[in-house]
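Numbering (our numbering), first residue to last: -14 to 122. Note that beta-carbon positions come from the ideal geometry of N, C-alpha and C, so glycine has one too. Following: one structure in structure tokens, then a few remarks.
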Amino acid sequence: MALSETARTAQDAADSIGCELGAIVKSLVFRIDGAAVLALVAGDRRCDTKTLPGALDMSGKCKRADADLVRAATGFAIGGVAPLGHPRPLATAVDASLGRFDTLYAAAGHPYCVFPTTLEELVRLTDGKLSGQIATA
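The structure is reproduced here in structure tokens:
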């Protein structure tokens, strides 16, 4: 779905689509003990970096990835990171609060593109672990 306005931020995407902020899927890349991981979080929530490792059955300190790691791990630049289509599979946690919405919108690899999906489809396509613990309001 091509947008007339940028979708670099969740708010930009929601404004352009005309949907609630929470229906936007933020694809956030973190590093846990050197490994790149992905958190798919509702646009109106923040990822809890203290609970993310446990949701992925990992241990260690969780830090936000820099732009170079994001590009290397996903093939995408920050602002257009899609939840799938990465060079190698990433351990992925999916925010259960996304289930509040029938239709979700996720980045499609470009700042002006998103695709509609559902929570069930997102979990299936990413082989993600659904978690009610990775996001805070």
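Which of helix, strand or coil DSSP assigns to residue i
i	result
P38	helix
T59	helix
D53	helix
V108	helix
R85	helix
A120	strand
Under 7 Å between C-beta atoms of residue i and residue j
i	j	result
P101	T88	yes
A92	G113	no
P96	T(-9)	yes
A(-1)	L6	yes
A62	R56	yes
S116	A21	no
Residue nearest to residue i in terms of C-alpha spacing, selected from the options
i	options	result
V79	Y90, V26, R(-7), D53	V26
A58	A76, G3, L41	A76
V108	V55, A93, L69, V14	L69
L13	G19, C4, C98, A24	A24
R85	I17, A21, G28	G28
A81	S1, D(-3), K11, Q(-4)	K11
Cβ-Cβ separation, residue j to residue i (assumed contact under 8 Å), whole Å
i	j	result
F15	T36	Wrong, their Cβ atoms sit about 12 Å apart, outside the cutoff.
C4	I119	Contact doesn't hold; Cβ gap of about 22 Å is too wide.
I2	V99	7 Å
Beta bridge counterpart(s) of residue i as assigned by DSSP
i	result
Y90	I9, P101
K48	R16
H95	C98
Residue i: CB within 6 Å of a non-hydrogen atom of the ligand SAH
i	result
F86	The ligand SAH is not among the ligands present in this structure, which contains no ligands whatsoever.
Contact with chain B by residue i, beta-carbon distance below 7 Å
i	result
M43	The structure shown contains no chain B; it is built from a single protein chain.
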